[in-house]
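Undergrad: Sequence order for the protein chains is A and B.
Heads up: the first sequence is residues 1 to 356, going by UniProt numbering.
Heads up: the second sequence is residues 1 to 356, going by UniProt numbering.
Ideal Cβ positions, reconstructed from N, Cα and C, are used throughout, including at glycine.
Number of protein chains: 2
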Amino acid sequence: MNSSITPKLNILKTETSRVKEVDFDNLVFGSTFTDHMFECDFKDGEWQNPTIRPYGNLSISPGAKVFHYGQAVFEGMKAYKDDDGRVWLFRPEANFERINKSAKRLAIPEFPRDIFFEALTTLVRMDKEWIQPGLGNSLYIRPFVMATQVGVSASPSDEYKFMILAAPAQAYYTGDVKVVIADHYSRAANGGVGAAKAAGNYGAQFYPTNLAREKGFHQIIWTDDSEHKYLEEAGTMNVFFRVNDTLITAPVSDRILDGVTRKSVIDIAKHNNIDVEVRPVLVSEIVEAAKDGSLKEIFGAGTAAVISPVSAIGHKENVYELTKPEDSYSARFKKDLMSIQHNITEDPFGWRFEVK
Amino acid sequence: MNSSITPKLNILKTETSRVKEVDFDNLVFGSTFTDHMFECDFKDGEWQNPTIRPYGNLSISPGAKVFHYGQAVFEGMKAYKDDDGRVWLFRPEANFERINKSAKRLAIPEFPRDIFFEALTTLVRMDKEWIQPGLGNSLYIRPFVMATQVGVSASPSDEYKFMILAAPAQAYYTGDVKVVIADHYSRAANGGVGAAKAAGNYGAQFYPTNLAREKGFHQIIWTDDSEHKYLEEAGTMNVFFRVNDTLITAPVSDRILDGVTRKSVIDIAKHNNIDVEVRPVLVSEIVEAAKDGSLKEIFGAGTAAVISPVSAIGHKENVYELTKPEDSYSARFKKDLMSIQHNITEDPFGWRFEVK
Ligand SMILES: Cc1ncc(COP(=O)(O)O)c(C=O)c1O
Ligand SMILES: Cc1ncc(COP(=O)(O)O)c(C=O)c1O
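(1) Which parts of the segment 30 to 87 of chain B are runs of the alpha helix (DSSP H), unbroken and 4 residues or longer, counting only runs that do not cross its ends?
(2) Which residues in chain B sit within 7 angstroms of residue 71(A), going by Cβ to Cβ distance?
(3) Following the continuous alpha helix (DSSP H) through residue 206(B), name the residue where it begins and the one where it ends.
(4) Just to confirm, is the Cβ distance from residue 29(B) to residue 304(B) under 8 angstroms?
(5) Check whether chain B comes within 8 angstroms of residue 230(A), counting only Cβ atoms and requiring the distance to be less than that.
(6) Would you say residue 168(B) lies against chain A (beta-carbon separation less than 8 angstroms)?
(7) Under 7 angstroms: does the beta carbon of residue 209(B) sit that close to some heavy atom of ligand 2?
(8) Quick check: does the Cβ of residue 306(A) come within less than 7 angstroms of any heavy atom belonging to ligand 2?
(9) Any idea if residue 56(B) is buried or exposed, counting beta-carbon neighbours within 10 angstroms, 16 or more meaning buried?
(10) Kindly indicate which residue of 62(B), 95(B) and 198(B) has the alpha-carbon position closest to the one of residue 141(B).
(11) Residue 27(A) by DSSP, collapsed to three states: which one?
(12) Give me the subset of the segment 135 to 150 of chain B whose CB atoms are less than 8 angstroms from a CB atom of chain A, sorted by chain position.
(13) Rounded to the nearest angstrom, how far is the Cβ of residue 314(B) from that of residue 259(B), given a contact under 8 angstroms?
(14) Given residue 119(A), which residues of its chain have a CB within under 8 angstroms of its CB, disregarding the five upstream and five downstream residues?
(15) 8 angstroms is my cut-off, CB to CB: does residue 153(B) come that close to chain A?
(16) Can you give me, in chain order, the residues of the segment 225 to 255 of chain B that have a beta carbon less than 7 angstroms from any beta carbon in chain A?
(17) Could you tell me whether any Cβ in chain B is nearer than 8 angstroms to the Cβ of residue 77(A)?
(18) With a cut-off of 8 angstroms, does the C-beta of residue 210(B) fall near any C-beta of chain A?
(19) Between which two residues does the beta strand (DSSP E) containing residue 309(A) stretch?
(20) Am I right that residue 202(A) and residue 69(B) are in contact with their C-beta atoms under 8 angstroms? What's the rounded C-beta distance?
(21) So, at 7 angstroms on beta carbons, what are the nonlocal neighbours of residue 276(B) in its own chain, with the 5 sequence-adjacent residues on each side left out?
(22) Is residue 257(A) near ligand 1, in the sense that its beta carbon is under 7 angstroms from a heavy atom of that ligand?
(23) Using the DSSP secondary-structure output, state which residues sit across from residue 329(B) in a beta bridge.
(24) Using the Cα positions of residue 331(A) and residue 307(B), report the straight-line distance between them to the nearest angstrom.
(25) Using a Cβ-Cβ distance cut-off of 8 angstroms, determine whether residue 218(B) contacts chain A.
(26) Chain A partners of residue 160(B), CB-CB under 7 angstroms?
(27) Assuming the contact rule is C-beta atoms closer than 8 angstroms, residue 250(B) and residue 231(B) should be a hit. Round their C-beta distance to whole Å, please.
(28) Should residue 58(B) be flagged as near chain A, meaning a C-beta pair shorter than 8 angstroms?
(29) Determine the burial state of residue 225(B): buried for a count of at least 16 other Cβ atoms within 10 Å of its Cβ, exposed for fewer.
(30) Apart from the five residues just before and just after residue 352(A), which ones in its own chain have a Cβ nearer than 8 angstroms to its Cβ?
(31) Would you identify the three-state DSSP class for residue 253(A), choosing helix, strand or coil?
(32) Using a Cβ-Cβ cut-off of 6 angstroms (strictly less than) and excluding sequence neighbours within five positions of residue 200(B), which residues of its own chain qualify?
(33) Mind checking residue 3(A): buried by the 16 CB within 10 Å criterion, or exposed?
(34) Along the segment 38 to 66 of chain A, what residues have a CB closer than 7 angstroms to any CB found in chain C?
(35) Please report whether the beta-carbon of residue 100(A) lies at a distance below 8 angstroms from any beta-carbon of chain B.
(36) Use the C-beta contact count for residue 296(B): other C-beta atoms within 10 angstroms, 16 or more gives buried, fewer gives exposed.
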């Protein structure tokens, strides 16, 4: 791809925008899409015909490999509008790199940087009216790639479709989040695809998560599949533990997604002179800390939910409640992170990226 | 579903069959589909509108959950035509039960038995001309279910599409199969979805399989993800080892698919008074047996490939060649199995199911 000439982005504008029909105060996350979407096909060994066109259905063969073999990866990122109407992305380079890392693990050809950024910024600019200003509001952006070759034989596709959808979003989680520590089901294998945002990783979690819901929990904190001894991450969030004043989180691995929010939280914490330990986290030490009161906070970190404080954690037959401390780390990180994202404060890290 | 009335199967016949255009001697596995396909939607808590209609594209939202979360499962089964033109399925009940087992693990609602069998047999009957008689020829049948609800938030879909496609097939593998024992990548986690025919399990294997191909192997024999100590199964086949005159295969588990061919081979072997051991198979014992010459055969067993003899097995830096013995088990099982499938011999097990 590097040697080929970047194809020109085709643009087909909608005749009538749907933005006026949207009730922005009652959005269901990820289910209302903006006027346009981006599409680009991989055929004959090349990414071809990059096009922004009105959001609408695809015509696709039921024999397309994505339906049968889950050869698909995705990303999740957000755009924010500040009070002056300027639009910002947050660390888009990280998402670009990650989708190609995920693609590689799923034997999907990498997508070219220049088309990605041109498509992303053009789409956001065209659908700018869909972004509401105000803290917590955003445009959730979903780049994804799927195998489109027709064939029900289990081998890599030689045709793919790369797409970007965008959906206006309010805050993802509302209310208290109760989590339970996995001790039977697992999310990822050693040497598996856990570190990739592979489509199949998510469908695989729905059933165990339903079982957890029936017991009153919202999310599962996954553990290693061998012994359920180490705490890893939640379904769409990395997880942080505060024991006394130290912030602890698991290192990324081939089982754990390298979250953009996670690494941003680590940097913000260090910037605030908070002790951060990135190391394997034992279930037993967190349960002990819950019992002796040194466990002050647990929170999830991810693009959709931003920072999601945990109010109770279940392990085997026990549930440990957590009371938010006055000097809450999670509240502080959330404020710092959102202030940067929404262009309210300085950005000492250089994370903001303006869509002009 | 049990209490509801079975909806009537709608049938829309094609106006012009494509069967005359097909070169049955040069089929690429799983890429030419018959004239018709079956479709049934799950909406408002019910399977609705079961329909057989001409094979063709679907119109589907790019926001459908199957593209993003891999919430999809499938089956693979075959129909055979005997020399009298009668058409037979092989143990279809096992595939029906397994797709619902897979569905459950992926939080997909189960599909009703009566619609499944009515759709399956009607479709096979309608597209009967597509089945070639002759050993090795068959109609490969692909039932599958996918999440169709529109929404890019990671939670179970509340709408699904169940489909059946059919594709005429010749033998799946040609030539020697060289396999390599996994010692870095893995297929399935303990407590994961390995035992389900979940779409995501297959896409996840493509990259490691490509790496194996670069080293001259066709398939990987997967091992446990914790220590790579136990031999489990191949990408689309269960695996059997013959050490001296004993047939050994791993027990099914939550990491290993309960293959229909596997259990049929076990029954055929027992019927032939061959010693069968279903127990964890150590990598080390098979490598030892390869070295001391007691390893006589390895073969894969699966619907697509039927029985696939292995000619060489790689482990770390070594490759062990296998010479097919005169009294080959794999040849015998293949013959016995195919003779039953094609209605050439008696069926002492009651596996054949005629499509009248
Ligand atoms: C499995 C998993 N872990 C963690 C995260 C958080 O990553 P990020 O902060 O980049 O959104 C996500 C979602 O995005 C995820 O899917
Ligand atoms: C992972 C896996 N193992 C084993 C098999 C063999 O199962 P069966 O004999 O039912 O086709 C298959 C394919 O069908 C498979 O996908």
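TA: Quick look at the numbers:
(1) 65 to 69
(2) In chain order: 203 and 206.
(3) 199 to 214 is the span of the alpha helix (DSSP H), which, as asked, contains residue 206(B).
(4) yes
(5) By this cut-off, residue 230(A) is not an interface position.
(6) Contacts with chain A at 8 angstroms (Cβ-Cβ) do not include residue 168(B).
(7) no
(8) no
(9) exposed
(10) 95(B)
(11) coil
(12) 140, 142, 144, 146, 147 and 150
(13) That pair is no contact at about 23 angstroms.
(14) 9, 38, 40, 50, 52 and 164
(15) So yes, residue 153(B) belongs to the interface.
(16) 225, 226, 235 and 236
(17) no
(18) So, interface residue.
(19) 306 to 315
(20) 4 angstroms
(21) 247, 266, 269 and 270
(22) yes
(23) Beta-bridge analysis with DSSP links residue 329(B) to no other residue.
(24) 60 angstroms
(25) no
(26) Residues of chain A passing the Cβ test: none, with the nearest at roughly 12 angstroms.
(27) 6 angstroms
(28) yes
(29) That one is buried.
(30) 88, 89, 90, 340, 341 and 343
(31) In the three-state reduction of the DSSP assignment, residue 253(A) falls in the strand class, which pools E and B.
(32) 70
(33) Model confidence at residue 3(A) stands at a pLDDT of 42, short of 50, so the residue's coordinates are unreliable; what they give is reported in the following sentence. With fewer than 16 other Cβ atoms within 10 Å, it is exposed.
(34) Here the protein chains are A and B, and chain C is not one of them.
(35) Judged by the 8 angstroms Cβ criterion, residue 100(A) is not in contact with chain B.
(36) Around the Cβ of residue 296(B), a 10 Å sphere holds 16 or more other Cβ atoms; the residue is buried.
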